[in-house]
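S.K.: So in numbering that gives the first Met the number 0, spot 465 of the sequence shown is number 464, and the numbers just go up one at a time.
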Amino acid sequence: MADQKTPRTLRSRAWFDDPSNADMTALYLERYMNFGLALEELQSGKPIIGIAQTGSDLSPCNRHHLVLAERIRAGIVEAGGIPFEFPVHPIQETGKRPTAGLDRNLAYIGLVEILFGYPLDGVVLTTGCDKTTPACLMAAATVNIPAISLSVGPMLNGWHRGERTGSGTIVWKARELLASGEIDYQGFIKLVASSAPSTGFCNTMGTASTMNGLAEALGMSLPGSAAIPAPYRDRQEAAYRTGLQIVEMVEADRKPSDVLSRESFLNAIRVNAAIGGSTNAPIHLAALARHAGVELAIDDWQDYGRDIPLLVNLQPAGEYLGEDFYRAGGVPAVVGELIRQGLIDEGAMTVNGRTIGDNCRGVAIEDEKVIRPYGRPLKAAAGFSVLRGNLFDSAVMKLSVISDEFRRRYLSNPDDPDAFEGPVVVFDGPEDYHARIDDPATGIDENTILIMRGAGPIGYPGAAEVVNMRPPAKLIKAGVHALPCMGDGRQSGTSGSPSILNASPEAAAMGGLALLRTGDRVRIDLRKGEANMLVPDEEIAARRAALEAEGGYAYPASQTPWQEIQRDTVGQLETGAVIEPAVKYQ
Ligand code: FES
Ligand code: MG
0 MADQKTPRTL RSRAWFDDPS NADMTALYLE RYMNFGLALE ELQSGKPIIG
50 IAQTGSDLSP CNRHHLVLAE RIRAGIVEAG GIPFEFPVHP IQETGKRPTA
100 GLDRNLAYIG LVEILFGYPL DGVVLTTGCD KTTPACLMAA ATVNIPAISL
150 SVGPMLNGWH RGERTGSGTI VWKARELLAS GEIDYQGFIK LVASSAPSTG
200 FCNTMGTAST MNGLAEALGM SLPGSAAIPA PYRDRQEAAY RTGLQIVEMV
250 EADRKPSDVL SRESFLNAIR VNAAIGGSTN APIHLAALAR HAGVELAIDD
300 WQDYGRDIPL LVNLQPAGEY LGEDFYRAGG VPAVVGELIR QGLIDEGAMT
350 VNGRTIGDNC RGVAIEDEKV IRPYGRPLKA AAGFSVLRGN LFDSAVMKLS
400 VISDEFRRRY LSNPDDPDAF EGPVVVFDGP EDYHARIDDP ATGIDENTIL
450 IMRGAGPIGY PGAAEVVNMR PPAKLIKAGV HALPCMGDGR QSGTSGSPSI
500 LNASPEAAAM GGLALLRTGD RVRIDLRKGE ANMLVPDEEI AARRAALEAE
550 GGYAYPASQT PWQEIQRDTV GQLETGAVIE PAVKYQ
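#1: Could you name the residues that DSSP lists as bridge partners for Val425?
#2: Is Glu464 close to the ligand FES? I mean its beta-carbon at under 7 Å from any heavy atom of the ligand.
#3: Counting only runs that start and end within the region 310-346, where is the alpha helix (DSSP H) found for 4 or more residues in a row?
#4: Nearest CA to the CA of Met248: which residue from Gly180, Gly152, Gly49 and Phe34?
#5: If you count every other CB in all the chains shown that lies within 10 Å of the CB of Gly188, and 16 or more means buried, which is it?
#6: Helix, strand or coil for Asp129 per DSSP?
#7: Could you check if Phe200 belongs to the surroundings of the ligand FES, using beta carbon to heavy atom distance under 7 Å?
#8: I think Ala24 touches Asp17, with their Cβ atoms under 8 Å apart; what is that distance to the nearest whole Å?
#9: So, is His433 buried or exposed, given that buried needs 16 or more other C-beta atoms within 10 angstroms?
#10: Does the region 384-394 come close enough to the region 521-536 to have 3 or more Cβ pairs within less than 8 Å?
#11: Within 10 angstroms of the Cβ of Met32, are there 16 or more other Cβ atoms? Answer buried if so, exposed if not.
#12: Which class does Ser263 belong to by DSSP, given the choice of helix, strand or coil?
#13: Starting from Glu84, trace the beta strand (DSSP E) both ways and give me its first and last residue.
#14: According to the Cβ coordinates, are Ile245 and Ile47 closer than 8 Å?
#15: So Ala214 and Ser256 are in contact, right, with Cβ under 8 Å, and what is the actual spacing, rounded?
#16: So, with DSSP's three-state summary, where would you put Val123?
#17: Contact defined as beta carbons within less than 8 Å: I believe Ala508 pairs with Ile443. What is the distance between those atoms, to the nearest angstrom?
#18: Counting only the same chain and skipping the five closest in sequence on each side, list residues whose C-beta sits under 6 Å from that of Pro372.
#19: Starting from Asp159, trace the beta strand (DSSP E) both ways and give me its first and last residue.
#20: Buried or exposed for Ile185, going by 16 or more other Cβ atoms inside 10 Å?
#21: Within this structure, are the beta carbons of Arg469 and Arg174 separated by less than 8 Å?
#22: With a threshold of 7 Å on Cβ separation, who are the neighbours of Glu84 within its own chain once the five nearest residues in sequence on each side are excluded?
#23: Looking only at DSSP bridge pairs, what is Ile523 linked to?
#24: Assign Ser11 to buried or exposed, taking buried as 16 or more other Cβ atoms, counted over all protein chains shown, within 10 Å of its Cβ.
#25: Hey, out of Ala106, Tyr584 and Ala216, whose CA is closest to Val330's CA?
#26: Opposite Gln52 in the DSSP bridges: which residues?
#27: I'd like to confirm something about Gly442: is its beta-carbon nearer than 7 Å to some heavy atom of the ligand FES, or not?
#28: Determine whether the beta carbon atoms of Arg489 and Ala463 lie at a separation below 8 Å.
#29: From the DSSP secondary-structure annotation, give me the bridge partner or partners of Ile578.
#30: With a threshold of 7 Å (Cβ to nearest heavy atom), would Glu92 be considered close to the ligand FES?
#31: Enumerate in chain order the residues of its own chain whose CB-to-CB distance from Ala379 is below 7 Å, with the five nearest sequence positions on each side excluded.
#32: Applying the criterion that 16 or more other CB atoms from any shown protein chain within 10 Å of the CB defines a buried residue, is Lys45 buried or exposed?
#33: Can the beta-carbon of Gly157 be found less than 8 Å from the beta-carbon of Ser150?
#34: What does a CB cutoff of less than 8 Å around Gln340 pick up in its chain, not counting 5 residues either side in sequence?
#35: Enumerate in chain order the residues of its own chain whose CB-to-CB distance from Gly328 is below 8 Å, with the five nearest sequence positions on each side excluded.
#36: Quick one: give me the first and last residue of the beta strand (DSSP E) that Ser503 is part of.
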């Protein structure tokens, strides 16, 4: 490969070998040689390949990338490149306070500066835990140098007493068991910990498996690589191949703008429905599309995704976990099945220089219990429904997780099977919810619709994953396992709750939710795609005027500089909750 290079075109030459700028070149060179790189290496015309390292002790989901980096390096060197590994701002979904939602844009901004300002010809993005994947892809789209993503892979399956316990999903279940007194504190911790038996990210179809699956569906990672469990040897092999591939990409000058197209995003939307992907996907894909300059609207999720059936039988929508998904064929098997239905734009380019059609056409499903054939799905029409009305301009509902119990309770009126209404109880932020959910004075019964507001990108900076609220313990004991929930925050991809979420604009931006009061009635119509408070227009206008006179919807003060900067610059969830001034840099 070495003799095919065209060194003139490599951007790193402007740092390391520019005779017209000798004094700066000397300065750039000397310090990069201080750990053993030779002058002739740096001036060899070999591409300098960044390894954007997202793993660390603070980011356990991605920590295995510290090991995989050795194989990435081996691939890069083998193909004739020089690896430069550097850290990315750590993101840990579950460990970061107040929410890791803040960190996606911070990691994005930081990575843009690195990719732009250092002598890198291409980059391997080490992705994994929820927001690490969009953060890396967004930065690569902005800087638009050759980039390939490598998923760290899910943990091995979790087990407890012979049953699969999936990360995140088991937490929701264990909280119910704890609330109803069926397990104690020790039992609760043990049950939850059983779901995390190895290195890797959440083994359910949460946001991590979703976003890495979608990165592959978009064409940004090697075919078949997203779903390999972290500890498998195949994962090490994928790391090596990714290192080989990025050098070829630099030689071919294949950039994110060659891969990320409207067609690839529509493919990803369809794949998301088929895998039962996370409700965080519309937010992250909107953000990525905006940084890539690709048109993508929230309605595209309904127009292209809603009627796609659920094929992948993974928790939380189904029963299996990450190892099973990989053995059943992973993303290529899903894409292959959608290709057979004519539902994939086969011409979309991918990192390996082949189209997604070429990569996945003819790939078979290896285990039909885990990946169902299109004609025998787990659920029909399993994508997202987009709702709007006087409460918000848009909100999203994940249809694949509507349980039979939920359907019986709320969607079984023979005259009006797709609609329900009820009085609301409004919570202002997660602290308010935790303080009052079990307080009898809150007055929640089985007809109540729970509202979470103040949890959007401005209100709870970054948007908290808190819209899926469990019912009061007394209702759970009475057999009510889920109440309808609605809000301007996000929801964990591991939750099986059919909440109405990502409401935009949020209460803190004076969306309709800010005007809702406990005791108001709300009507949801899934067929019409509507969610409205049954409050007269004049009353709504009066409430708005009164709240504006008070200075708007109140939310807690920022605790850190970044919280304030993000609040001042962030957009709404519908449009990706990006740092708005960043979008013009493409
Ligand atoms: Fe990191 Fe789920 S918490 S992947
Ligand atoms: Mg999450």
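C-beta atoms are modelled at their ideal positions from N, C-alpha and C, and glycine is treated no differently.
M.R.: On the basis of the supplied data:
#1: Ile450
#2: no
#3: Segments of the alpha helix (DSSP H) lying fully in the region 310-346: 321-326 and 329-339.
#4: Gly49
#5: Gly is not the amino acid found at residue 188; the sequence shown has Ile there. Its Cβ having fewer than 16 others within 10 Å, Ile188 is exposed.
#6: Asp129: coil per DSSP, three-state reduction.
#7: yes
#8: It is worth fixing the name first, because residue 24 is Thr in this sequence and not Ala. By a beta-carbon distance limit of 8 Å, Thr24 contacts Asp17. Their separation comes to about 5 Å.
#9: Per the 10 Å Cβ criterion, exposed.
#10: yes
#11: exposed
#12: helix
#13: Ile81 to Pro86
#14: Not a contact, by the Cβ cut-off of 8 Å.
#15: Contact flag wrong, Cβ pair sits at about 16 Å.
#16: strand
#17: Your pair Ala508 and Ile443 does not check out as a contact, with CB atoms roughly 27 Å apart and the cut at 8 Å.
#18: none
#19: The amino acid at residue 159 is misidentified as Asp; the sequence shows His. Note, His159: beta strand (DSSP E), Gly157 to His159.
#20: According to the sequence provided, residue 185 is Gln. The question's Ile does not apply to it. Exposed is the call here.
#21: yes
#22: Ile50, Gln52 and Ala68
#23: Phe419 and Ala530
#24: It counts as buried.
#25: Ala216
#26: In the DSSP assignment, Gln52 forms a beta bridge with Pro86.
#27: no
#28: yes
#29: Val569
#30: yes
#31: Pro308
#32: Answer is buried; the Cβ neighbour count reaches 16.
#33: no
#34: Tyr373
#35: Gly335, Val362, Ala363, Ile364, Glu365, Asp366 and Ile370
#36: Ile499 to Ser503
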